[in-house]
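Residue numbers (full-length UniProt numbering): 1 to 809.
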């Protein structure tokens with residue numbers, strides 16, 4: 001099969017919560033660390049799209065991302081990333097859209113890499129100086145030239161601290177000197193300089209700036225203006241809730257503000273703690289420089305995670321700061337007084353009550369980025385989702401824009417709605433998300449449209465019951481944006497929220513915008529969180545919801561809780577007619593390894609439970625006609641139960657195979673066959689096909705018809721729910737991240753694996769696979785496969801029908 005028949009339809013991945021985790025290149029590409037991957041996104045596309053590429057290469061969480069600064073007119077050709085795995089990876093653009101390939105891997109650091117900064121001292125020479133800081137308490141200086149990264153210098157921090165923030169720039173106009181600002185798990189900033197005349201660039205510590213009273217999370221250099229000989233400004237953001245601005249001035253004379261003794265904070269300092277305007281002196285390339293304290297920016301009410309400069313084309317200089325108080329601020333110096341003022345405050349103002357409840361909130365902004373043109377800003381919140389604002393010059397205001405979201409931990413379960421109109425995913429990040437295609441106005445791009453559940457515990461599995469359980473506001477949103485069929489909305493609640501002390505989503509009525517919101521006791525052990533009140537306008541929108549709406553106003557009400565298991569649920573399945581739910585829990589004995597059935601009309605358990613396994617059941621699957629229930633488990637056996645009208649439990653044991661695999665069985669799937677046929681997959685690196693035929697007593701008996709040996713334990717399988725040219729198509733995912741397709745003969749007699757495409761590779765285990773259902777009476781030219789990754793990513797792949805034909809294998 002050629003790769004031409006495979007396309008990536010949708011990629012969703014949440015960002016890691018680190019200050020240096022993202023960078024926005026001059027060409028408009030935003031790269032960010034997403035678990036062990038690097039995700040690439042173009043925020044300014046219209047219509048907005050999700051992640052375009054996922055780059056895999058690291059073995060640990062990616063903490064630092066930096067595009068090498070281009071000369072004017074250059075594209076973003078190089079990307080450098082650092083990770084918990086202690087390695088740096090240099091990526092080079094492949095020339096095929098926003099895609100990069102690994103150029104070089106450097107394992108020199110002995111600790112997790114926290115931050116990266118780079119500068120190109122001279123536009124005439126394609127050489128970059130790259131500086132990295134890591135949890136081994138070292139700062140390393142590298143030269144990157146001719147596609148090769150070489151270590152120049154290792155600086156051990158003295159006194160010892162872990163670098164969390166770095167910034168480098170040219171010192172002076174001629175590029176003969178460089179200056180590094182370095183800080184981290186201490187309250188001081190170290191200034192180091194080096195001459196660039198010699199081939200060997202060697203940095204020396206010149207000054208230690210004091211004043212902050214907490215760890216320093218971010219540093220950013222900029223030139224004050226485009227004029228020759230202008231001063232440098234350094235912004236430092238700290239956990240002490242303040243941003244400090246420092247001025248680096250060339251010459252033995254101090255800058256006017258410092259020389260006059262003027263209080264740089266303009267009176268805005270803490271009682272008894274007037275900032276010092278002491279001058280620090282540097283010497284580099286035979287010239288003298290002074291560093292003086294310029295301004296103290298007050299306004300944030302919690303730790304400040306990042307501060308970034310942007311110099312606009314018109315010469316205007318602005319600073320973007322983001323904080324754990326759920327806000328970002330844009331600062332600018334007043335032209336007449338020089339006092340730094342906050343021009344805009346975006347995000348969630350912390351005076352809003354409920355800003356830190358389970359549903360309330362993003363929990364702080366970890367980093368903030370400027371777009372290349374300075375007309376857009378993006379920031380990253382606690383949920384791993386991005387938020388974006390665009391400056392509207394007509395209204396002189398910043399307007400929120402559609403951004404992207406994704407899980408931040410392993411995606412443990414996925415399930416399509418019965419008609420295939422949307423996909424549900426659930427994760428160890430304690431959320432359940434609904435993804436669907438935005439078809440309104442012909443956009444046809446996938447987005448997260450609802451977050452039905454935000455839980456207090458990790459979530460392991462999910463299935464769809466078929467009928468609609470979403471609240472009316474979400475149902476109307478899906479109908480309007482995604483073309484979902486309108487269901488009977490009369491009996492739906494307006495919306496749902498989560499009480500402050502509760503874990504259950506409660507149905508609530510939406511309120512009008514002019515409704516006065518007050519914190520009142522709801523009689524259920526706590527107050528109603530005003531931030532979780534749903535206004536009607538929140539979901540009366542013509543675009544996918546923004547993150548603040550997703551995390552607060554798109555919850556689904558809880559209909560029922562089902563009890564009976566003694567331990568954590570390991571798997572569940574809903575029958576295709578929506579009348580039964582089967583579930584199992586983690587177990588080390590036969591008593592707990594039972595399968596419990598619940599009927600959905602009165603939500604009662606069907607007794608007695610089904611007994612067969614002795615250890616945890618890992619997957620439950622109803623056959624397409626619900627006549628059979630298949631279970632597989634850690635005890636290496638598969639079991640088939642048959643529906644029986646005579647049994648109180650509704651199902652009776654038909655057949656069990658205690659030696660189905662030589663190691664635990666991890667997944668199973670039914671083929672869309674008139675004669676029952678299923679596949680099992682195990683840690684023994686085998687996929688096995690089991691075909692049925694009538695036994696001596698007339699009951700069906702299953703026997704192995706074919707097997708496929710894989711290179712790694714097989715963690716997930718799923719059959720396409722329709723035949724293609726008389727064959728079944730089976731998707732297979734392994735623990736090593738290999739995703740491939742196989743064809744199975746109609747009688748199960750042959751299992752043939754096609755050569756996997758590079759687009760289908762995962763860095764870690766593929767935890768679950770699910771083909772999108774299509775109406776059987778409609779011919780399809782392509783089929784969509786959803787894949788849930790241990791790497792926190794959710795991916796949709798589209799396969800052309802021609803690609804799936806066995807003759808092409």
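Glycine is no exception: its CB is placed at the ideal position from the N, C-alpha and C atoms.
It should be emphasised that the depicted structure is a prediction, and the values quoted were computed from it without experimental measurement.
Proximal residues to residue i (C-beta, below 7 Å), its chain only, five neighbours per side dropped
i: residue 5; result: 799, 800, 802 and 803
i: residue 756; result: 738, 739 and 740
i: residue 457; result: 430
i: residue 370; result: 24, 308, 310, 320 and 377
Reduced DSSP category for residue i - H, G, I as helix; E, B as strand; rest coil
i: residue 549; result: helix
i: residue 440; result: helix
i: residue 5; result: helix
i: residue 424; result: strand
i: residue 255; result: coil
i: residue 767; result: strand
i: residue 760; result: helix
i: residue 201; result: coil
i: residue 51; result: coil
i: residue 594; result: coil
i: residue 790; result: coil
i: residue 21; result: coil
i: residue 377; result: strand
i: residue 802; result: helix
i: residue 435; result: strand
i: residue 615; result: coil
i: residue 194; result: strand
i: residue 558; result: coil
i: residue 525; result: For residue 525, the pLDDT reaches just 40, beneath the cut-off of 50, and the residue's location in the model is therefore unreliable, although a value from the coordinates is still provided. Residue 525 falls in the coil class under three-state DSSP.
i: residue 743; result: strand
i: residue 408; result: coil
Element boundaries [beta strand (DSSP E), containing residue i]
i: residue 388; result: 386 to 392
i: residue 819; result: The structure shown does not extend to residue 819, since the chain is modelled only from 1 through 809, so no value can be given for it.
i: residue 652; result: 651 to 657
i: residue 450; result: 445 to 454
i: residue 283; result: 280 to 284
i: residue 165; result: 163 to 170
i: residue 322; result: 317 to 323
i: residue 306; result: 304 to 311
i: residue 65; result: 62 to 67
i: residue 780; result: Neither: residue 780 is in no beta strand (DSSP E) and is coded neither H nor E.
i: residue 367; result: 365 to 370
i: residue 183; result: 177 to 184
Residues near residue i in its chain [Cβ-Cβ closer than 6 Å; skip 5 each side]
i: residue 409; result: 427, 428, 429 and 792
i: residue 263; result: At residue 263, the pLDDT of 49 sits below 50, so the modelled position is not reliable; the number obtained from the coordinates is stated separately. No residues qualify anywhere along the chain.
i: residue 87; result: 105 and 107
i: residue 49; result: 445
i: residue 249; result: 231, 255 and 290
i: residue 407; result: 14, 427, 429 and 792
i: residue 504; result: 558
i: residue 44; result: 28
i: residue 340; result: 295, 297, 331 and 333
i: residue 718; result: 669, 731, 769, 770 and 771
Interface flag, residue i vs chain C, CB-CB below 8 Å
i: residue 83; result: Among the chains of the structure shown, chain C does not appear; only one protein chain is present.
Range covered by the alpha helix (DSSP H) that runs through residue i
i: residue 476; result: 472 to 482
Neighbourhood of residue i by C-beta distance below 8 Å, restricted to the same chain and skipping five residues each side
i: residue 217; result: 19, 164, 165, 237, 238, 239, 303, 304, 305 and 306
i: residue 813; result: Given a span of 1 to 809 for the chain in the structure shown, any question on residue 813 remains unanswerable.
i: residue 372; result: 24, 25, 26, 27 and 28
i: residue 813; result: Absent from the model: residue 813. The displayed extent of the chain is 1 to 809, so no value can be given.
i: residue 701; result: 655, 692, 693, 694 and 695
beta-carbon residue i near the ligand GDP non-hydrogen atom, thresh 7 Å
i: residue 380; result: Annotation note on the ligand GDP: not contained in the displayed structure, which lists no ligands.
Inter-residue CB distance, residue i and residue j (contact presumed, cutoff 8 Å)
i: residue 556; j: residue 672; result: Not quite, the Cβ-Cβ distance comes to about 30 Å (not below 8 Å), so this is no contact.
i: residue 195; j: residue 177; result: 6 Å
i: residue 650; j: residue 597; result: 6 Å
i: residue 692; j: residue 677; result: 7 Å
i: residue 344; j: residue 398; result: 5 Å
i: residue 472; j: residue 440; result: Not really, about 19 Å apart at Cβ, beyond 8 Å.
i: residue 711; j: residue 679; result: So it is not a contact: roughly 18 Å between Cβ atoms.
3 or more residues per run - each beta strand (DSSP E) lying fully within the region 664 to 740
665 to 670, 677 to 682, 686 to 694, 700 to 709, 714 to 719 and 728 to 734
Pick out the complete beta strand (DSSP E) segments inside the region 81 to 158, 3 residues or longer, and give them in chain order.
88 to 93, 100 to 106, 113 to 119, 128 to 134, 138 to 145 and 148 to 156
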